[in-house]
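For the sequence shown, the residue numbers in my numbering are 146 to 460. Glycine included, every Cβ here is placed at the ideal spot set by N, Cα and C. These numbers come from a predicted model, not from an experiment. Below: one structure, written as structure tokens.
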Amino acid sequence: MSSPVHIYLPGHNQRMVDELVRVLPGRRFIQLDDTRAFAKALPTMELLVTGRPPKNRWARAENLRMIHVAGSGVDSLLPAPDLDEHVVVTSSRGSHEPHMPEFVIAALFSMAYNIPQLVQQQIHHQWKETFPRPLLDQTLCVVGLGAIGRSVARRARALGMRVVGVSRSGRPVDGIEQVVSTNERRYAITDADAVAVCVPLTEHTRGMIGPVELGSMKRGGFLVDVSRGGVVYLDAVIAALESGQLGGAALDVFRTEPLPAHHPAWDVEGLLVTPHVAGLSNDYMVRLARTVAENLTAFETGLNPPNLVSRRLGY
């Protein structure tokens with residue numbers, strides 16, 4: 146008899162279970178609605194699907210065999226020094242296609258064609274011409290060349306953009322003109338008209354886009370961040386917008402979420418603040434359930450799950 150799967154996605158448990166029942170019929174799912182229920186179930190659970198689990202409790206998880214994180218990044222879980230090294234961790238990378246890359250392109254179009262300004266003009270009944278900066282022949286630097294970053298690159302090339310990239314290894318990637326390692330990121334960012342940040346949050350990527358990197362871009366360039374809060378220095382983005390070094394920025398992730406209502410970022414001209422929605426869509430739960438099922442089935446049949454996470458690398 147298969148072990149039950151515990152679900153800890155407060156606010157989304159029932160939707161997740163509804164979709165999992167379709168792809169894993171006959172399986173038993175146990176919903177954990179709060180931290181108290183999570184703590185009570187921890188000693189007996191074997192299989193867990195979660196988004197943001199409570200920290201520093203894994204020492205009590207004596208029977209845990211697998212954790213599936215409902216997100217592309219696993220920084221909500223790792224590092225977890227108290228989590229047994231034999232526990233398999235998988236992620237949901239790939240579940241955000243095509244919406245996250247489309248969000249990046251939509252944000253670039255919005256800034257290039259002055260859409261926020263035009264919306265404000267309509268609100269105030271103002272008829273004023275604006276002059277867009279078409280993306281054709283512009284240079285986009287994609288920081289992070291995983292599935293999302295490569296998909297962003299493909300879409301940008303289809304629009305006639307020149308694409309360069311940054312990855313941990315710096316190895317060449319088909320269709321990307323130049324790829325450098327993270328240590329050499331300034332060489333790729335230099336003279337970029339736009340930068341899209343798509344990396345996971347790890348000890349190596351934390352704070353990797355700051356004043357130096359933003360200052361290396363062409364003056365008036367665009368920044369889109371769909372990574373994790375902490376990869377990009379928010380204060381540096383605000384300063385670059387206020388000085389004119391950045392012509393626009395779209396940030397979907399923040400160190401503190403929700404972003405506090407009193408935070409100055411809300412009122413910075415040229416900054417689009419979105420509530421961590423780049424990876425969402427009307428069919429997101431369907432895609433997520435399929436990813437969970439694929440990884441769980443592989444794990445239980447003795448195969449390597451397709452979204453296996455390296456605890457050492459953090460993704």
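Task: Contact under 7 Å by Cβ, L346 with G375 - done: Translated into positions along the sequence shown, residue 346 becomes position 201. Translated into positions along the sequence shown, residue 375 becomes position 230. Pairing L346 with G375 gives a Cβ-Cβ distance under 7 Å.
Task: Identity of the residue in R173, L396, A303 nearest L281 by Cα - done: Taking the sequence shown and counting its residues from 1, one reaches residue 281 at position 136. Considering only alpha carbons, the answer is A303.
- [ ] Decide if W203 is buried, meaning its Cβ has at least 16 other Cβ atoms within 10 Å, or exposed.
- [x] Here residue 203 refers to the residue found at position 58 of the sequence shown. W203 sits buried, since 16 or more C-beta atoms from the chains shown fall within 10 Å of its C-beta.
Open item on the list: Looking only at its chain, what residues have a beta carbon closer than 8 Å to the beta carbon of S236, apart from the 5 residues adjacent to it on each side?
Closed with: As a first step, residue 236 must be located in the sequence shown, where it is residue number 91. Same-chain partners within the cutoff: H213, V214, G216, S217, G218, V219, N452, V454, Y460.
Open item on the list: As a quick exercise: from D179, V162, R181, pick the residue whose alpha carbon is nearest that of R172.
Closed with: For the purposes of this step, residue 172 is taken as the residue at position 27 of the sequence shown. Measuring C-alpha to C-alpha distances from R172 to each of D179, V162, R181 identifies V162 as the nearest.
Open item on the list: Using C-beta distances below 6 Å, list every residue in its chain close to F463, excluding the 5 sequence neighbours before and after it, in chain order.
Closed with: No information on residue 463 is available, as it lies outside the stretch 146 to 460 that the chain covers here.
Task: Contact between the stretch 289-308 and the stretch 238-247 (3+ Cβ pairs under 8 Å) - done: Taking 8 Å as the limit for Cβ pairs, the verdict is that the stretch 238-247 does touch the stretch 289-308.
Open item on the list: I need the DSSP call for Y460, collapsed to helix, strand or coil.
Closed with: Counting from 1 along the sequence shown, the entry for residue 460 is found at position 315. Coil, per DSSP.
- [ ] Examine the Cβ distances between the stretch 442-451 and the stretch 405-422 and report whether three or more of them are shorter than 8 Å.
- [x] The stretch 442-451 vs the stretch 405-422: no contact.
Open item on the list: Just to confirm the assignment, what range does the alpha helix (DSSP H) spanning R163 have?
Closed with: One-based indexing of the sequence shown puts residue 163 at position 18. Contrary to the premise, residue 163 reads as Asp rather than Arg in this sequence. Segment 158-168, the alpha helix (DSSP H) holding D163.
TODO: Quick one: grab the DSSP three-state call for M211.
DONE: Locating residue 211 in the sequence shown gives position 66, counting from the first residue. Strand at M211.
- [ ] Mind reading off the beta-carbon distance from T436 to S240? Whole number of angstroms is fine, and I expect it under 8 Å.
- [x] For the purposes of this step, residue 436 is taken as the residue at position 291 of the sequence shown. For the purposes of this step, residue 240 is taken as the residue at position 95 of the sequence shown. That belief holds up - the Cβ atoms of T436 and S240 are roughly 5 Å apart, short of 8 Å.
Task: Entirely enclosed beta strand (DSSP E) segments - the stretch 170-210, minimum 3 residues - done: As far as the stretch 170-210 is concerned, its whole beta strand (DSSP E) runs of at least 3 residues are 174-176, 192-195.
Task: DSSP three-state assignment for I383, whether helix, strand or coil - done: Along the sequence shown, one-based indexing puts residue 383 at 238. I383: helix per DSSP, three-state reduction.
TODO: Determine the extent of the beta strand (DSSP E) in which I152 is found, giving its start and end residues.
DONE: Working through the sequence shown from its first residue, we reach residue 152 at position 7. Unbroken beta strand (DSSP E) run through I152: 150-153.
Open item on the list: Quick check on the burial criterion: 16 or more other C-beta atoms within 10 angstroms. Buried or exposed for H151?
Closed with: The residue labelled residue 151 in the question sits at position 6 within the sequence shown. By the neighbour-count rule (16 or more Cβ atoms within 10 Å), H151 is buried.
- [ ] With DSSP collapsed to three states, give me the class of G389.
- [x] Working through the sequence shown from its first residue, we reach residue 389 at position 244. The answer is coil: DSSP assigns G389 none of H, G, I, E or B.
TODO: Note down the Cα distance separating A385 from M362, rounded to an integer number of angstroms.
DONE: Within the sequence shown, residue 385 is the residue found at index 240, counting from 1. Within the sequence shown, residue 362 is the residue found at index 217, counting from 1. CA-CA distance, A385 to M362, rounds to 10 Å.
Task: Beta-carbon gap between C343 and I293 smaller than 7 Å - done: The sequence position of residue 343 within the sequence shown is 198, counting from 1. The sequence position of residue 293 within the sequence shown is 148, counting from 1. Contact: yes.
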